[in-house]
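This report concerns only the one structure given below.
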Amino acid sequence: MLLPGQLNGFAAVRFGGQYSSFTIQGSLPLSASSGFTIFVVGKYNKDLSNGYYGMIFGACGGTVNNQFVWYTENTVLTYPITQMEAFTVGPTTDYHLLAYRVSGGMATVTYNGAASPNGPKPASGDYRLDYIANYCEQAPWPAALDLVEVAVYGTSMTDCALKDTQDYLCSRYALDCTPATGC
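Add 216 to the 1-based position in the sequence shown for our numbering, that's all there is to it.
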């Protein structure tokens, strides 16, 4: 469902649970060895979830555990290959900016420009993203979330490029972010 004017005049796409998702044609391969960066502007609709997680990205087949998930009101999960990594962030039920970057074998998550206090964490292997707002097109894994913008880069951004992009997205959507310093 398209929600006009949700965030600073921009529309959001609401994913409302079972069978409400987007399939990435041909999937999107990413590699921890070469690094990647993902930006997400949105929120988890736990009040709409009926027990569903806030599945931002998911996969299927041999890489079913490639996930990026709003898990609780203050936690984001990354689930590369066989290990689950939880990152503490701010309120996931408010509109916000997440940046997930894998570089040099380590994963970091920022929330509105501020690094998660319990990162970075080890990252390895290949990732494959098949779905937005779902996991393998199966219940009970579909998401209850609003997405305003998603950007995936097949390379690890430099610190300055990451901060510049975060500053741009925070300004564009009028989010209350920690401003970048040092670039």
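Idealized CB from N, CA, C, for every residue including glycine.
The structure displayed is predicted, hence computed values, not measured ones.
- When the five nearest sequence neighbours on each side are left out, the beta carbons in the same chain lying within less than 6 angstroms of the beta carbon of S247 are those of D342, in order along the chain.
- Per DSSP, Q222 is one residue of the beta strand (DSSP E) stretching across L218 to L223.
- In the DSSP secondary-structure assignment, T294 is bridged to F284 and E301.
- Assignment of T381 by DSSP, reduced to helix, strand and coil, places it in the helix class.
- In the same chain as L385, and ignoring 5 residues on each side of it, the C-beta atoms closer than 8 angstroms to its own belong to F255, V257, L313, E365 and L391, in chain order.
- By the CB criterion at 8 angstroms, T308 and K259 fall inside the cutoff.
- In the DSSP assignment, Y343 falls within the beta strand (DSSP E) that extends over D342 to I348.
- Here the alpha carbon of S250 sits roughly 36 angstroms from the alpha carbon of L219.
- Short of 6 angstroms from the beta carbon of P338, and not among the five residues preceding or following it, lies no beta carbon of its own chain.
- As a beta-bridge residue in DSSP terms, T324 pairs with R317.
- Taking C-alpha positions only, I348 is separated from Y327 by approximately 19 angstroms.
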